[in-house]
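K.L.:
What follows is a structure written as structure tokens; I'll ask about it next.
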Amino acid sequence: MPEWLRLALVIAGKDVRAELRSRTAILSAVVFAALVLVVFNFARDPTALAAVDLAPSVLWVTFALAAMLALNRAFTIEQENAALDGLLLAPVPREALFAGKLLANLAFVGTVEAVTLPLFVLFFNVDLGAALPGIIGVTALATIGFVTVGTIFSAMAVRTRFAELMLPVLLLPFMVPPLIGAVQVTARLLAGRPLSEMMGWLRLLALYDLVFVILCSLVFTAVVDE
Amino acid sequence: MPSSDGRRLLEATGLRRAYGRRQVLRDIDLTVAAGEAVAVAGPNGAGKTTLLRVLAGLARPDRGEVRLEGQPLRRDAPEIRRAVGLVSHQTLLYDDLTLHENLTFAARLYGLPTPAAAARSALDEAGLGARADESPRRLSRGLAQRAAIARALLHRPRVLLLDEPFTALDAAASERLRDELRARREQGLGIVLVTHQLGEAWAVATRIAVIVEGRWACDETLAGSLEGFLPRYQELIGA
Amino acid sequence: MTASEGAESLVRRGTVITAAALLGVAGVYVLAWGYTPIEARQGVAQKIFYLHVPSAWSALLAFSLVGIVSALYLWLNDPRLDRFAAASAEVGLAFSAVMLTTGPIWAKPIWGTWWTWDARLTLTLFLFFLFIGYLALRAALQDPGERARFSAVIGILGLLLVPFIHLSVYLFRTLHPQPVVLKPSRPSLPPEMLRTLLISGAVFLLLYIGLVTIRYGLALAEEAGEHGDAA
Chain S
9 MPEWLRLALV IAGKDVRAEL RSRTAILSAV VFAALVLVVF NFARDPTALA AVDLAPSVLW
69 VTFALAAMLA LNRAFTIEQE NAALDGLLLA PVPREALFAG KLLANLAFVG TVEAVTLPLF
129 VLFFNVDLGA ALPGIIGVTA LATIGFVTVG TIFSAMAVRT RFAELMLPVL LLPFMVPPLI
189 GAVQVTARLL AGRPLSEMMG WLRLLALYDL VFVILCSLVF TAVVDE
Chain V
4 MPSSDGRRLL EATGLRRAYG RRQVLRDIDL TVAAGEAVAV AGPNGAGKTT LLRVLAGLAR
64 PDRGEVRLEG QPLRRDAPEI RRAVGLVSHQ TLLYDDLTLH ENLTFAARLY GLPTPAAAAR
124 SALDEAGLGA RADESPRRLS RGLAQRAAIA RALLHRPRVL LLDEPFTALD AAASERLRDE
184 LRARREQGLG IVLVTHQLGE AWAVATRIAV IVEGRWACDE TLAGSLEGFL PRYQELIGA
Chain F
122 MTASEGAESL VRRGTVITAA ALLGVAGVYV LAWGYTPIEA RQGVAQKIFY LHVPSAWSAL
182 LAFSLVGIVS ALYLWLNDPR LDRFAAASAE VGLAFSAVML TTGPIWAKPI WGTWWTWDAR
242 LTLTLFLFFL FIGYLALRAA LQDPGERARF SAVIGILGLL LVPFIHLSVY LFRTLHPQPV
302 VLKPSRPSLP PEMLRTLLIS GAVFLLLYIG LVTIRYGLAL AEEAGEHGDA A
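First to last, the protein sequences are chains S, V and F.
Quick note, the first sequence lines up with residues 9 to 234 if you use my numbering.
Quick note, the second sequence lines up with residues 4 to 242 if you use my numbering.
Quick note, the third sequence lines up with residues 122 to 352 if you use my numbering.
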């Protein structure tokens, strides 16, 4: 295994272990997601629009907001006791450090999504059926996109006084392309449309992921190194 | 710059570093050989902590270079960082992990072959074996310091950098620290110890260097007594 | 020349350029009223397009420069580049704000709606939010080195976001056909319109240069004042 990958997995493993101990980010994000779903349910007129029309938007807005709660965790734990210095002192290439944090964040956000999706199916009575594998696929694709940018922005936001406010302000414009793509593909999957109708969006999502994973790994050193 | 015979573990030349418009380090040179312990003293705000961070590779100098065992410390060559260990004001430990997990993690970061075993023996050596499964937040300042030092020495660095390590330690802990540093120094470790209390410096160091407003005011082998040096020190720092 | 004298001279020069540009804007106004023909379908209200379109161009230019200069900063580490990027961001914010207010004023009489999600308005809205994020982050960071590095990262990432916004809007619109909207930036404009548009573009570019020069000079003066002129 290449050394950078080993280091990234070691770092991600440490974050996951620490989070499992304290459970702060995941629990608050999951509870938040459940609450958002409940609010959405009461905020609509059930006679006006079928649940399935709103479903993709509701699902993705919920994912996006819950993800933002989970994202700040990765760097707040490095702030206690200046633990980040420990990572920077070690022979860890900064790209590997970014990859580790990204993997940990993907694990957290992925878990929140995995718990939210069944809740969503339950509350909104949506039949996923054959669309499920596709929905998992597009969720992975879109999540990678906004968690990548979210990881690097949370590293910056955590250095300001209002980290919880700064992260959404910085991140939301960047979440829009993955969100649009995810909602469009999810809607088509739920409507049973053929794959050809989604290819444009899927390509957009994949390209976004590729560009931003590479770019964020490269500029990450500017964020952590003085 | 006088230094004892021995391999040059750390060589810093022409270090300059500014924060915004404030010039913190002005043309600092420093050499540390095996078995040398340099005490860096000076008034607050003189640049001591910045110097340490630059030597550790945590801050990039605007100009000048740091070499560890002859290799330049550069962002694109992370392996060289192995040569250095840092004990700073903070412990660099994760409160959500046990001491053993913390040190095992550090061992993995440095690619040590048997991380868990190395962590266990480092903790035993530091007298923390019994508390290995506790969180760092449960430790007193003295014990937390020991854990931080164990972590810093885990990967067997050639140079150890310490930032005011004696702060808030009780007498017993201070003595233990002094003994440990002296012992390691005699085994060939190079030490740079930042302090603003000369008493500590005298117990451990072989050299004293005083930094004032980002420049060396003196850098010489330790000779004579602390009382003898004090008046000169007061003069150097412009008290 | 000390730093603060240099700053003052920049502010003076910038003011002259801006004044000239503002005269130019007045000139464009005159041209728009008298010289250009009245557009058949949209009537007189269409004429705001001579201000609306170049503001959007200037906002995009300002943003692109923030991105490019940010990349240069990370490479060269020159604080002047950071100062320029910050000045460009503020001026860009102003231009996008102008565009976002003139847009609806134009849209209402023509399309009967205050807002449309057409490509230009949408992009400018995003630029507006990106500028705000950039400036908010700067305001929240005290250490100048950290502020410069972090701003540079956002600048670069933001610049790369723009093509994706464009792509998303394009994909969105081809799959959701909007009511046919008159797109005045067709090349088949009568010559008076095209000429006025180009003149307006040049005037707004001049305005951008003037305003950035002033803002840069002010930033320089602020720094010189805070720390004294000695480096």
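Idealized CB from N, CA, C, for every residue including glycine.
1. Ends of the alpha helix (DSSP H) at F:L251?
2. Is the shortest distance between the beta-carbon of F:I253 and the beta-carbons of chain V less than 9 Å?
3. What residue ranges within the segment 39-120 of chain S form continuous alpha helix (DSSP H) runs of no fewer than 4 residues, ordered along the chain?
4. Using the Cβ count rule (16 or more neighbours within 10 Å means buried), how would you classify F:S130?
5. Counting only C-beta atoms, is V:H103 closer than 9 Å to chain S at any point?
6. The segment 128-144 of chain S: which residues have C-beta closer than 9 Å to a C-beta of chain F, in chain order?
7. Excluding five sequence neighbours on each side, which residues of the same chain lie with their C-beta closer than 7 Å to the C-beta of S:S36?
8. Name the DSSP beta bridge partners of V:L28, please?
9. Near F:A206, what residues of its chain come up, given a Cβ to Cβ distance below 8 Å and the 5 sequence neighbours on each side ignored?
10. Looking at the structure shown, is F:G224 part of a helix, part of a strand, or coil, going by DSSP?
11. Can you name, in chain order, every residue of its own chain whose Cβ lies under 7 Å from the Cβ of V:A37, other than the five neighbours on each side?
12. Would you identify the three-state DSSP class for V:E137, choosing helix, strand or coil?
13. Determine which residues of the segment 220-232 of chain S have a Cβ less than 8 Å from any Cβ of chain A, and write them out in chain order.
14. Buried or exposed, going by whether 16 or more other CB atoms sit within 10 Å of the CB of S:E121?
15. Looking at the secondary structure, which residues open and close the beta strand (DSSP E) in which V:I194 lies?
16. Return yes when the C-beta of F:I253 is under 8 Å from any heavy atom of the ligand PLP, and no when it is not.
17. With DSSP run on the structure shown, which of helix, strand or coil describes V:R218?
18. At a Cβ threshold of 9 Å, is S:E234 touching chain F?
19. Can you give me the Cβ contacts of S:L127 inside the same chain, cut-off strictly under 8 Å, excluding the 5 residues immediately before and after it?
20. V:D222 to V:I240, Cα distance in whole Å?
21. Closest to F:A269 by CA distance: which of F:V324, F:G148, F:P200 is it?
22. Looking at chain S, is there any beta carbon in it that lies within less than 9 Å of the beta carbon of F:A153?
23. Starting from V:R70, trace the beta strand (DSSP E) both ways and give me its first and last residue.
24. Going by DSSP, which residues form a beta bridge with V:E14?
25. For S:S30, which residues in chain V fall below 7 Å Cβ to Cβ?
26. Taking the Cβ atom as the reference point for each residue, do V:S205 and V:L229 lie within a distance shorter than 9 Å?
27. Can you tell me where the alpha helix (DSSP H) with V:D182 in it begins and where it stops?
28. Am I right that F:Y329 and F:S179 are in contact with their C-beta atoms under 8 Å? What's the rounded C-beta distance?
29. Select from the segment 279-293 of chain F all residues with a C-beta closer than 8 Å to any C-beta belonging to chain S, and list them in chain order.
30. Thinking C-alpha only, which one of V:H103, V:E39, V:A40, V:E14 is nearest V:R70?
31. Taking the DSSP output, what are the residues bridged to S:L180?
32. Here's the rule I'm using: 16 or more other beta-carbon atoms within 10 Å means buried, otherwise exposed. How should V:G227 be labelled?
33. So, for S:I19: in the same chain, excluding its five sequence neighbours on each side, which residues have a beta-carbon less than 6 Å away from its beta-carbon?
34. What are the boundary residues of the beta strand (DSSP E) that V:G88 is part of?
35. Taking C-beta pairs closer than 7 Å, name the residues in chain S that V:E82 reaches, listed in chain order.
36. Please report the straight-line C-alpha distance between V:V87 and S:T168, rounded to a whole angstrom.
P.N.:
Judging by the given coordinates:
1. Here residue 251 of chain F refers to the residue found at position 130 when the third sequence is read from its first residue. Bounds of the alpha helix (DSSP H) holding F:L251 are 240-261.
2. Numbered from its first residue, the third sequence carries residue 253 of chain F at position 132. Closer than 9 Å: no.
3. 59-79, 81-87, 91-97
4. Residue mapping note: residue 130 of chain F aligns to position 9 of the third sequence, counting from 1. Exposed is the call here.
5. Stepping through the second sequence from its first residue, residue 103 of chain V is reached at position 100. Chain S contact via Cβ: absent.
6. Those would be none; no residue qualifies.
7. Looking up residue 36 of chain S in the first sequence gives position 28. The answer, listed in chain order, is L77.
8. Counted from its first residue, the second sequence places residue 28 of chain V at position 25. For V:L28, which the question treats as bridged, DSSP gives the partners V:R20.
9. Position 85 of the third sequence, counted from the start, is the residue given in the question as residue 206 of chain F. For F:A206, where only same-chain residues beyond five positions count, the Cβ hits under 8 Å are L186, V187, V190, S191, Y194, S272, A273, G276.
10. Working through the third sequence from its first residue, we reach residue 224 of chain F at position 103. The answer is helix: DSSP assigns F:G224 an H, G or I state.
11. Here residue 37 of chain V refers to the residue found at position 34 when the second sequence is read from its first residue. The residues are G9, R10, L12, G191, G193.
12. Along the second sequence, one-based indexing puts residue 137 of chain V at 134. It is coil, neither helix nor strand.
13. The question asks about chain A, but that chain is absent: this structure's protein chains are S, V and F.
14. Locating residue 121 of chain S in the first sequence gives position 113, where the first residue counts as 1. Classification of S:E121: buried, given that the 10 Å Cβ count is 16 or more.
15. Your numbering for residue 194 of chain V matches position 191 in the second sequence. V:I194 -> beta strand (DSSP E) spans 193-197.
16. This structure lacks the ligand PLP, and indeed carries no ligand of any kind.
17. Residue numbering aside, residue 218 of chain V sits at position 215 when the second sequence is read from its first letter. It is a strand residue.
18. Reading the first sequence from its first residue, position 226 is the one you call residue 234 of chain S. Yes, S:E234 counts as interfacial toward chain F.
19. Indexing the first sequence from 1 puts residue 127 of chain S at position 119. Excluding positions up to five away in sequence, the list reads A41, A42, L45.
20. Numbered from 1 along the second sequence, position 219 holds the residue referred to as residue 222 of chain V. Numbered from 1 along the second sequence, position 237 holds the residue referred to as residue 240 of chain V. Taken atom to atom, the span from the alpha-carbon of V:D222 to that of V:I240 is near 14 Å.
21. The residue given as residue 269 of chain F occupies position 148 in the third sequence. Of the listed residues, the one whose Cα sits closest to F:A269 is F:P200.
22. Against the third sequence, residue 153 of chain F aligns to sequence position 32. No, F:A153 lies away from the interface with chain S (no Cβ there is under 9 Å from its Cβ).
23. The count along the second sequence starts at 1 and reaches residue 70 of chain V at position 67. Start and end: 66-71.
24. Counting from 1 along the second sequence, the entry for residue 14 of chain V is found at position 11. Per DSSP, the beta bridge partners of V:E14 are V:T34, V:R70.
25. In the first sequence, residue 30 of chain S corresponds to position 22, counting from 1. Neighbours of S:S30 on chain V, chain order: D99.
26. In the second sequence, the residue the question calls residue 205 of chain V occupies position 202. In the second sequence, the residue the question calls residue 229 of chain V occupies position 226. In the sequence as displayed, the identity of residue 205 of chain V is Trp instead of Ser. For V:W205 and V:L229, yes; Cβs fall inside 9 Å.
27. Translated into positions along the second sequence, residue 182 of chain V becomes position 179. Looking at the DSSP string, the run of the alpha helix (DSSP H) that includes V:D182 is 174-189.
28. Residue 329 of chain F sits at position 208 when you count from the first residue of the third sequence. Residue 179 of chain F sits at position 58 when you count from the first residue of the third sequence. Contact flag correct, Cβ pair sits at about 5 Å.
29. G279, L281, L282, F285, I286, L288, S289, L292, F293
30. As a working mapping, residue 70 of chain V is identified with position 67 in the second sequence. If we check each option's Cα against that of V:R70, V:E14 comes out closest.
31. In the first sequence, residue 180 of chain S corresponds to position 172, counting from 1. Its beta-bridge partners do not exist; DSSP assigns none.
32. Taking the first residue of the second sequence as position 1, residue 227 of chain V is located at position 224. Answer is exposed; the Cβ neighbour count stays below 16.
33. Numbered from its first residue, the first sequence carries residue 19 of chain S at position 11. Cβ neighbours of S:I19 beyond the five flanking positions: G108.
34. Here residue 88 of chain V refers to the residue found at position 85 when the second sequence is read from its first residue. Element bounds for V:G88: 87-90.
35. Walking along the second sequence from the start, residue 82 of chain V turns up at place 79. By Cβ distance, chain S contributes P99.
36. As a working mapping, residue 87 of chain V is identified with position 84 in the second sequence. As a working mapping, residue 168 of chain S is identified with position 160 in the first sequence. If you take the alpha carbons of V:V87 and S:T168, they lie about 30 Å apart.
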